[in-house]
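Data first, discussion second: the structure below is written as structure tokens.
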Amino acid sequence: MTDRTVDIWGAGTPHAKGTVWPVRVDQHLDPGVTEEQVDRWVHSACLLCSNGCGCDIAVKDGRMVGVRGRASDEVNHGRLGPKGLYGSTVWSHAADRLTRPMIREGGALVECDWPAAMGRIVEVSQRLLREKGPLSHGFYTSGQLFLEEYYTLSVIGKAGLGTPHMDGNTRLCTATAAAALKESFGADGQPGCYADIEHCDTIFLYGHNLAETQTVLWSRVLDRTRGPHPPVLVCVDPRRTKVAEEAVRTGGVHLAPRVGTNLALMNGLTRELFEHGWVDDTWVAEHTLGVDELREVVGWYTPERVAEICGIDPAELRRAARIFGTGGAVLSTVLQGFYQSHQATAAAVAVNNLHLLRGMIGRPGAGILQMNGQPTAQNNRECGADGDLPGFRNWDDEQHVRQLAELWNVDPLKIPHWADPTHAMQIISYAEEGSIGFLWISATNPAVSMPESARIRRILAGEQCFVVVQDLFLTETARLADVVLPAAGWGEKTGTFTNADRTVHLSEKAVDPPGEARSDLDIFLAYADAMDFRDDDGAPLVKWRTPEEAFDAWRAASAGRPCDYSGLTYAKLRGPTGIRWPVTEAAPDGTERLYTDAVFPSATEYCETYGHDLLTGAAVTQQEHRALRPDGRAFLKGADYTPAHEPTSEEYPLLYTTGRTVHQFHTRTKTGRAEPLRRAAPDMWVELSPADAERLGIAEGDMVRVESPRGSIEAPARIGRVKEGAVFAPFHYGGEDRQANELTMTVWDPVSKQPCFKTAACRVSKVRAGGRR
Amino acid sequence: MNLVTYLRLARHAEQTFADSLRTVGRGHAKHPDVLFICQTLAKMSDKQARRLAPIVDRYGSSAASGDVEEPERLHAAGLAEVRTGPVGLLRDLQDLHVLGTLVQTTWTVVLQAARALRDDELIELCRHASGQNSRQLSWLNTRLKAAAPQSLIAA
Ligand code: SF4
Chain A
1 MTDRTVDIWG
11 AGTPHAKGTV
21 WPVRVDQHLD
31 PGVTEEQVDR
41 WVHSACLLCS
51 NGCGCDIAVK
61 DGRMVGVRGR
71 ASDEVNHGRL
81 GPKGLYGSTV
91 WSHAADRLTR
101 PMIREGGALV
111 ECDWPAAMGR
121 IVEVSQRLLR
131 EKGPLSHGFY
141 TSGQLFLEEY
151 YTLSVIGKAG
161 LGTPHMDGNT
171 RLCTATAAAA
181 LKESFGADGQ
191 PGCYADIEHC
201 DTIFLYGHNL
211 AETQTVLWSR
221 VLDRTRGPHP
231 PVLVCVDPRR
241 TKVAEEAVRT
251 GGVHLAPRVG
261 TNLALMNGLT
271 RELFEHGWVD
281 DTWVAEHTLG
291 VDELREVVGW
301 YTPERVAEIC
311 GIDPAELRRA
321 ARIFGTGGAV
331 LSTVLQGFYQ
341 SHQATAAAVA
351 VNNLHLLRGM
361 IGRPGAGILQ
371 MNGQPTAQNN
381 RECGADGDLP
391 GFRNWDDEQH
401 VRQLAELWNV
411 DPLKIPHWAD
421 PTHAMQIISY
431 AEEGSIGFLW
441 ISATNPAVSM
451 PESARIRRIL
461 AGEQCFVVVQ
471 DLFLTETARL
481 ADVVLPAAGW
491 GEKTGTFTNA
501 DRTVHLSEKA
511 VDPPGEARSD
521 LDIFLAYADA
531 MDFRDDDGAP
541 LVKWRTPEEA
551 FDAWRAASAG
561 RPCDYSGLTY
571 AKLRGPTGIR
581 WPVTEAAPDG
591 TERLYTDAVF
601 PSATEYCETY
611 GHDLLTGAAV
621 TQQEHRALRP
631 DGRAFLKGAD
641 YTPAHEPTSE
651 EYPLLYTTGR
661 TVHQFHTRTK
671 TGRAEPLRRA
681 APDMWVELSP
691 ADAERLGIAE
701 GDMVRVESPR
711 GSIEAPARIG
721 RVKEGAVFAP
731 FHYGGEDRQA
741 NELTMTVWDP
751 VSKQPCFKTA
761 ACRVSKVRAG
771 GRR
Chain B
1 MNLVTYLRLA
11 RHAEQTFADS
21 LRTVGRGHAK
31 HPDVLFICQT
41 LAKMSDKQAR
51 RLAPIVDRYG
61 SSAASGDVEE
71 PERLHAAGLA
81 EVRTGPVGLL
91 RDLQDLHVLG
101 TLVQTTWTVV
111 LQAARALRDD
121 ELIELCRHAS
131 GQNSRQLSWL
141 NTRLKAAAPQ
151 SLIAA
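Just so you know, the protein sequences line up as chains A and B, in that order.
So in UniProt numbering, spot 548 of the first sequence is number 548, and the numbers just go up one at a time.
So in UniProt numbering, spot 128 of the second sequence is number 128, and the numbers just go up one at a time.
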């Protein structure tokens with residue numbers, strides 16, 4: 001196999017529309033290990049992005065030594081990308097793995113045993129419960145735990161403690177995907193699936209640098225665009241990405257709106273559909289609500305006005321709209337360029353609107369992929385460790401809460417459900433003021449990944465809040481903790497997870513974790529035991545011990561809800577491929593696409609939310625929802641464009657935006673320890689447009705300083721693919737002067753509460769000249 | 001015609017509401033959602049006050065005998081400063097809600113008169129303004145509900 005850090009997508013296997021994506025099996029073994037030396041291959045799926053490629057882990061002498069894509073898996077047909085190949089296993093035997101718990105003594109973290117660490121946690125937890133009650137407790141999880149772990153934590157938090165302060169870093173990556181699906185359809189859940197790539201005529205990628213974020217899915221697209229009857233691509237991105245280049249190559253359009261103006265662009269596209277009669281009026285009348293209001297909202301957004309706001313060519317907007325309006329089967333995908341930007345939910349909902357207006361949903365090729373950023377984000381949403389209630393239940397519906405209370409055998413009042421659950425940024429705020437005095441962070445690194453990171457570090461290091469961190473390494477966040485718990489990682493524990501297109505995979509334990517490290521499930525169970533959480537009959541609240549038992553408990557909790565896992569078992573998941581939920585008696589092999597009958601989960605008694613005002617985030621009440629009589633119809637919802645929170649000024653004339661690079665995942669806890677990936681993308685850089693660079697006298701490789709009202713970073717400049725007026729930085733890198741989030745703002749979308757990482761004002765200056773990198 | 005008194009009250013109430021929203025937003029700027037949403041809501045009220053101006057003029061000039069003075073005590077005082085701390089935020093949001101409700105009922109009163117006068121322009125304005133006002137009140141309610149337990153129990 002070629003060096004896949006360079007040949008990122010691997011050898012193409014072009015094929016024609018409507019034919020099955022050919023198999024290509026990718027494999028990587030540690031240097032010096034041959035295939036014959038592998039003791040066994042263990043069933044799993046890749047955990048380094050939301051694509052969830054099916055794979056097997058190679059084990060030799062009790063160590064994970066490589067991975068192989070699973071040919072039979074529907075998600076990847078055998079392929080793996082550079083992160084999956086090189087980054088999946090090497091971290092597991094890194095010398096700096098956490099192997100023992102640690103507690104802070106006299107200002108320093110010192111190693112201790114499990115009873116001492118858990119003793120300290122329980123002591124603080126019980127004291128705060130006595131003094132202030134459950135609102136003193138907060139949990140901040142991940143997009144990388146397993147379903148069984150999220151569900152267990154959800155039960156502990158909601159029925160054991162009774163705190164509404166639970167969220168995941170999924171808030172930073174996929175909260176808007178969930179919010180947009182809920183607002184449009186009534187509940188979370190991806191309508192389409194990856195196989196829609198094989199059937200579509202057109203692909204719209206909104207703020208989704210697919211080529212770098214989910215490399216295997218991009219090779220799936222390339223295999224269509226390079227084969228017979230290729231689809232036309234349209235790309236919305238302020239950078240000239242590989243996706244943008246491919247869009248132009250296929251005869252499509254690259255729209256590069258000014259950072260922070262996505263909604264204006266979407267309103268313009270929507271108006272064009274109405275103007276040209278590209279709306280399926282009969283379908284819209286039967287299956288949706290709100291078309292008149294939407295038409296009114298977008299009426300003002302003529303191509304010329306939109307072009308002015310977004311800094312684009314009106315003819316290009318018209319052309320993109322025509323491609324959408326006349327395409328036979330359109331597939332749309334959305335990611336952080338929309339989700340982490342200004343008016344995130346409204347812009348993502350607008351994508352759903354376009355599909356609803358054309359009745360372009362629920363059939364092959366006509367799909368919507370509101371993507372996830374992280375591999376197990378979907379599970380956090382389903383299980384309710386992120387602020388939702390388990391099973392996409394509605395916190396505002398007493399019946400839904402009662403179902404959970406019966407399932408867990410606790411008083412419904414124990415389950416916090418008096419308002420929209422607390423989102424991550426608010427949890428941090430409560431920790432800052434000290435009203436949350438106990439914060440448990442698992443498998444995530446907010447000291448690097450959250451906006452305005454200097455503030456986050458100050459809060460975590462402060463005395464006002466006791467911080468528990470559970471992770472694989474002593475991350476930037478773990479260093480600030482009061483107690484650090486060593487966790488087992490992927491391949492060192494068993495559990496399931498669900499990717500962005502609802503495909504559930506089972507990942508089996510391949511090796512033992514190092515030292516005294518324990519699985520996250522075991523850690524949560526140990527806390528539940530030590531706290532002695534009980535149900536109403538005095539029996540232990542958490543009634544399971546093993547991952548499989550936890551999964552079975554979850555199956556019961558999900559039954560009858562949109563994400564129904566009731567027909568799924570570990571045995572089924574040991575088969576050749578992952579399986580898409582819902583899996584029920586009626587659909588024993590899973591469900592490829594949702595809403596094939598154009599019936600949406602919007603009925604007042606069934607929906608996950610009554611919805612929100614997209615401009616303000618105000619919650620719609622049950623009464624207002626009932627009065628609309630949605631009865632299975634989808635919602636068309638619009639909002640006016642408003643300017644971004646921090647406009648440019650003389651002092652800060654440029655717009656700062658952050659994003660990913662293909663070789664790293666998140667804050668590099670795992671990928672930073674894989675030599676090929678580290679070599680391929682070793683350090684931070686800042687990207688400028690050629691025009692801005694020239695004006696500022698900056699050449700490729702020069703060391704530049706980027707400043708916003710909140711902080712500054714220094715990094716070498718790259719000149720290229722970003723739109724004039726914008727400055728791009730990758731967010732993966734931690735350390736002095738190197739963190740992209742030193743500059744970002746503490747502000748979030750009113751509906752999804754996802755922080756805006758993409759719209760801050762900044763200025764750039766040259767620090768010193770440097771050679772070419 | 002006393003309508004003009006109420007039109008002025010509506011304009012004044014919207015303007016007071018807008019100014020108070022800005023004051024509360026600024027005063028609680030460490031809650032970015034409060035800061036930015038209050039600004040958005042204030043703009044909604046600005047717009048209604050602006051749209052009222054020509055209608056006030058229209059009825060004002062048709063008033064029979066000179067200007068009808070609107071009695072000072074019909075006005076509501078706005079929020080000139082904010083309170084501090086989590087409970088202070090709650091009380092400020094509540095005060096905004098009271099002001100917003102005054103705006104709401106004022107539009108109800110004006111709409112009734114507009115209907116009796118068959119003034120299409122004013123009817124449309126009342127309907128729109130009242131809809132925008134509901135959005136403002138809904139947000140205040142949503143934010144109050146989210147903040148209340150933490151502020152009263154754990155802070
Ligand atoms: S595309 Fe994502 S899931 Fe697939 S191998 Fe690459 S990192 Fe892993």
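Where is the CB? At the ideal position from N, CA and C, for every residue including glycine.
Listed along chain A are Leu135, Tyr430 and Ser435, each with a C-beta nearer than 7 Å to that of Gln150(B). With contacts defined as CB atoms closer than 7 Å, Gly78(B) and Ser138(B) fail to qualify as a contacting pair.
Residue contact with chain A for Trp139(B): present (Cβ-Cβ distance below 7 Å to some residue of chain A). Against Val747(A), the close residues of chain B are Pro32 and Phe36, in the order they occur along the chain (beta-carbon pairs closer than 7 Å).
C-alpha of Leu354(A) to C-alpha of Leu273(A): approximately 8 Å in a straight line. In the displayed model, Asp167(A) falls within a strand according to three-state DSSP.
Listed by position along chain A, the residues whose Cβ is nearer than 9 Å to that of Leu99(B) form an empty set, because the closest Cβ is around 17 Å away.
The segment 367-384 of chain A makes contact with the segment 493-500 of chain A; the number of CB pairs closer than 8 Å reaches 3 or more.
For Lys670(A), the secondary structure class from DSSP, reduced to helix, strand or coil, is coil. For a cut-off of 8 Å, the C-beta gap from Gly578(A) to Ala45(A) is around 6 Å, short enough to register as a contact. Distances from the alpha-carbon of Glu398(A) to those of Gly387(A), Glu382(A) and Ala419(A) put Ala419(A) closest. Between Lys145(B) and chain A, the shortest Cβ-Cβ separation is below 7 Å.
Taking CB atoms only, Ala454(A) has no neighbour in chain B less than 7 Å away. Distances from the alpha-carbon of Glu742(A) to those of Leu696(A), Gly162(A) and Pro709(A) put Pro709(A) closest. The residues Arg143, in chain order, have a CB closer than 8 Å to that of Asp33(B) in the same chain once the five nearest residues on each side in sequence are set aside. About 7 Å separates the beta carbon of Ala619(A) from that of Tyr610(A), a gap short enough to meet the 8 Å contact definition. Nearest in C-alpha terms to Asp702(A), of all of His342(A), Glu687(A) and Cys310(A), is Glu687(A). Gly78(A) and Ser219(A) have their C-alpha atoms some 12 Å from each other. In terms of side-chain proximity, the C-beta atom of Thr345(A) is found no nearer than 6 Å to any non-hydrogen atom of the ligand SF4.
Taking the CA atoms as reference points, Arg127(A) sits about 32 Å from Gln754(A). Residues of the segment 396-420 of chain A with a C-beta less than 7 Å from any C-beta of chain B: Trp418, Ala419 and Asp420, listed in chain order. Under DSSP, Ile368(A) shares a beta bridge with Ser332(A).
Ser151(B) places its beta carbon less than 7 Å from that of Pro86(B). Put simply, the CB of Arg22(B) is far from chain A, with every gap to its CB atoms at 7 Å or more. At a cut-off of 7 Å, the C-beta of Ala619(A) has a neighbouring C-beta in chain B. Note: Phe438(A) is bridge-paired with His137(A) and Phe466(A) in the DSSP secondary-structure output. Within the model, the alpha-carbon separation for Ala16(A) versus Ala510(A) is close to 38 Å. When Cβ-Cβ separations below 7 Å define contact, Ala29(B) makes no contact with chain A. For Pro115(A), the enclosing alpha helix (DSSP H) stretches over residues Trp114 to Lys132. Within the segment 334-349 of chain A, no residue has a Cβ lying closer than 8 Å to any Cβ of chain B. Annotation: Ala77(B) has no Cβ neighbours in chain A at a cutoff of 9 Å; minimum Cβ distance is about 25 Å. Against chain A, a Cβ distance below 9 Å from Thr40(B) picks out Leu615, Thr616, Thr642 and Pro750.
Looking at the DSSP output, Ala726(A) shares a beta bridge with Leu655(A).
Taking a C-beta distance under 7 Å as the contact criterion, Pro547(A) and Glu148(A) qualify as a contact pair. In the DSSP assignment, Gly720(A) falls outside any alpha helix (DSSP H) and carries neither an H nor an E. Beta-bridge analysis with DSSP links Asp631(A) to no other residue.
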